[in-house]
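Working notes for the structure below.
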């Protein structure tokens, strides 16, 4: 095995890069420049494979696409920037941790998430780990019967990569190559092998909601010790197990469920001709998994840099909303739901970009982006249907600042909210002043919003309506029965009902149309 103290005696760095496939050279140079003191580790890998064209290309692919990949640890801090220390395993469930953090917030002021540690792969990865990963992945490609049907590009993209998300790096490929050798040696069909491995993963690993508040995506050693994690950990655990055995597997995800809370990630196995079958690692097998909610957008995680991302188009002084600023994902929404294109008019071309947002956890969250042309039109492609969207800008705030006193960036409404119907028609909701809207004066009784927020006697409720780019309180009252009676409501208007204190997870937007309530 090559070690970190190996001496370069045959090639200099420029020659090592020049010997790599031409399509990777510029990106390899960029990664080497960013690697700092770790540059020699990467050069050692290129030198190690100078006489092996196949493995030299795999090394070039990994190094060329390495920037942007990293291990990240986050933490929760109080108003004085003191980190709140806790161990998720000390709590039985997610709500117990939330109760603890609520008590801390009451005592020490508003809590916030912040980055504790960031270890960029280019600056920290060892030559030994890269060489081990390349040797074993190429061994799988060259010896397993089905890998030739996948093709070389699928191998590079979905078998070779050494990480699943932002977890700590580990030697997972050795572990799972050895652990499932008997399965691999007796099964020649990749889909059958995927089923068998996923069943074994299910015995080894399971979901536990406390990991929503774990400070990192787990690495393999921790996952083997705990045997539990959140959906991100489940997908990574399965990626390790299957990639190590020559199966092309990745993770698909939705950054925000529309009109609900949280997000979700799951797996997809890539078969010949780019056919992908979704499944839930360590839970539901390929062909036996379906999403439990409608989706506005689904993206596929990639190790390589996708072309035409928002990150490539932003100017140096611009920022992207959370989830949309990376280069390593691809839109695969059409594989999961009916979609339609949406054009938003009368936007300000000086803002360059517009965003469509969904209502998630009681706030609008950006889910897709589009450039604004010179006529003020932004065209969004392949949006999930049957979903309410709000067109927005992402701009520097006039009132909010960060810890350094610099303006924060925030989502600002850009136009009226819309409904993209299942029939692929766009309906625009009112946004003007309430005094100009048509009012229904017949009684309407609210008993329960389908998200599960029940009207109960003695509880205080707020009914809010969207107007002039914000929520306006229309009714603030304490229920005296199991329902709320409205003596008037507005036509073509968007509403939300919330309990005080707010229960963000159960708040959904809805409309009232004559004698019925419709949620989106």
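In our numbering, the protein residues as written are 545 to 1064. For each residue, glycine too, the CB sits at the ideal point set by N, CA and C.
Starting from residue i and walking both ways along the alpha helix (DSSP H), at which residues does that stretch end?
i: residue 840; result: Looking at the DSSP string, residue 840 is not in any alpha helix (DSSP H), and its letter there is neither H nor E.
i: residue 561; result: 557–562
i: residue 1054; result: It is not in any alpha helix (DSSP H) - residue 1054 instead sits in the beta strand (DSSP E) that spans 1053–1057.
i: residue 925; result: Not the alpha helix (DSSP H): residue 925 falls in the beta strand (DSSP E), residues 922–928.
i: residue 1079; result: Given that the chain is displayed from residue 545 to residue 1064, the structure contains no residue 1079 and the question cannot be resolved.
i: residue 575; result: 569–579
i: residue 675; result: 671–687
i: residue 597; result: 597–608
i: residue 499; result: Residue 499 is absent from the structure shown; the chain starts at 545 and stops at 1064.
i: residue 591; result: 583–592
Per DSSP, what are the beta-bridge partners of residue i in this structure?
i: residue 935; result: 900
i: residue 873; result: 845
i: residue 811; result: 795 and 823
i: residue 616; result: 662
i: residue 773; result: 751
i: residue 910; result: 901
i: residue 992; result: 998
i: residue 1040; result: 1008 and 1053
i: residue 916; result: 922
i: residue 856; result: According to DSSP, residue 856 bridges with nothing at all.
i: residue 984; result: 1033
i: residue 964; result: 931 and 970
i: residue 697; result: DSSP, once it has assigned bridges, lists no residue as partnering residue 697.
i: residue 1026; result: Residue 1026 is not bridged to any residue.
i: residue 1020; result: 1006
i: residue 621; result: 627 and 656
i: residue 940; result: 953
i: residue 1015; result: 1010
Could you tell me if residue i is buried or exposed, where buried requires 16 or more neighbouring beta carbons within 10 angstroms of its beta carbon?
i: residue 1024; result: exposed
i: residue 728; result: buried
i: residue 696; result: exposed
i: residue 758; result: buried
i: residue 647; result: exposed
i: residue 1010; result: buried
i: residue 1078; result: Not covered by the structure: residue 1078. The range shown for the chain is 545 to 1064.
i: residue 919; result: exposed
i: residue 902; result: buried
i: residue 591; result: buried
i: residue 989; result: exposed
i: residue 892; result: exposed
i: residue 800; result: buried
i: residue 889; result: exposed
i: residue 587; result: buried
i: residue 657; result: exposed
i: residue 865; result: buried
i: residue 762; result: buried
i: residue 552; result: Note that residue 552 scores a pLDDT of 48, beneath 50, so its modelled location is shaky; the value from the coordinates is reported in the next line. With fewer than 16 other Cβ atoms within 10 Å, it is exposed.
Give the range of the beta strand (DSSP E) segment to which residue i is assigned.
i: residue 971; result: 970–972
i: residue 660; result: 656–664
i: residue 951; result: 951–957
i: residue 1005; result: 1004–1011
i: residue 692; result: No beta strand (DSSP E) holds residue 692; the alpha helix (DSSP H) holding it covers 691–694.
i: residue 887; result: 883–888
If you draw a straight line from the alpha carbon of residue i to that of residue j, how long is it in whole angstroms?
i: residue 546; j: residue 736; result: The predicted model places residue 546 with a pLDDT of 43, which falls under 50 and marks its position as unreliable; any figure quoted below should be read in that light. Roughly 36 Å separates the two Cα atoms.
i: residue 681; j: residue 792; result: 11 Å
i: residue 549; j: residue 834; result: Because the pLDDT at residue 549 is just 43, under 50, the model does not fix this residue reliably, and the point stays unresolved.
i: residue 948; j: residue 629; result: 24 Å
i: residue 600; j: residue 917; result: 43 Å
i: residue 744; j: residue 719; result: 14 Å
i: residue 867; j: residue 910; result: 8 Å
i: residue 860; j: residue 965; result: 37 Å
i: residue 827; j: residue 595; result: 43 Å
i: residue 808; j: residue 723; result: 28 Å
i: residue 582; j: residue 704; result: 21 Å
i: residue 622; j: residue 660; result: 14 Å
i: residue 922; j: residue 609; result: 30 Å
i: residue 632; j: residue 641; result: 7 Å
i: residue 927; j: residue 853; result: 17 Å
i: residue 557; j: residue 575; result: 12 Å
i: residue 874; j: residue 843; result: 5 Å
i: residue 767; j: residue 976; result: 52 Å
i: residue 970; j: residue 1030; result: 28 Å
i: residue 569; j: residue 840; result: 37 Å
i: residue 803; j: residue 698; result: 35 Å
i: residue 985; j: residue 776; result: 49 Å
i: residue 821; j: residue 876; result: 12 Å
i: residue 930; j: residue 1057; result: 16 Å
i: residue 783; j: residue 811; result: 8 Å
i: residue 677; j: residue 685; result: 12 Å
For residue i and chain D, any beta-carbon pair shorter than 8 Å?
i: residue 769; result: Looking for chain D here will not work: only one protein chain is present.
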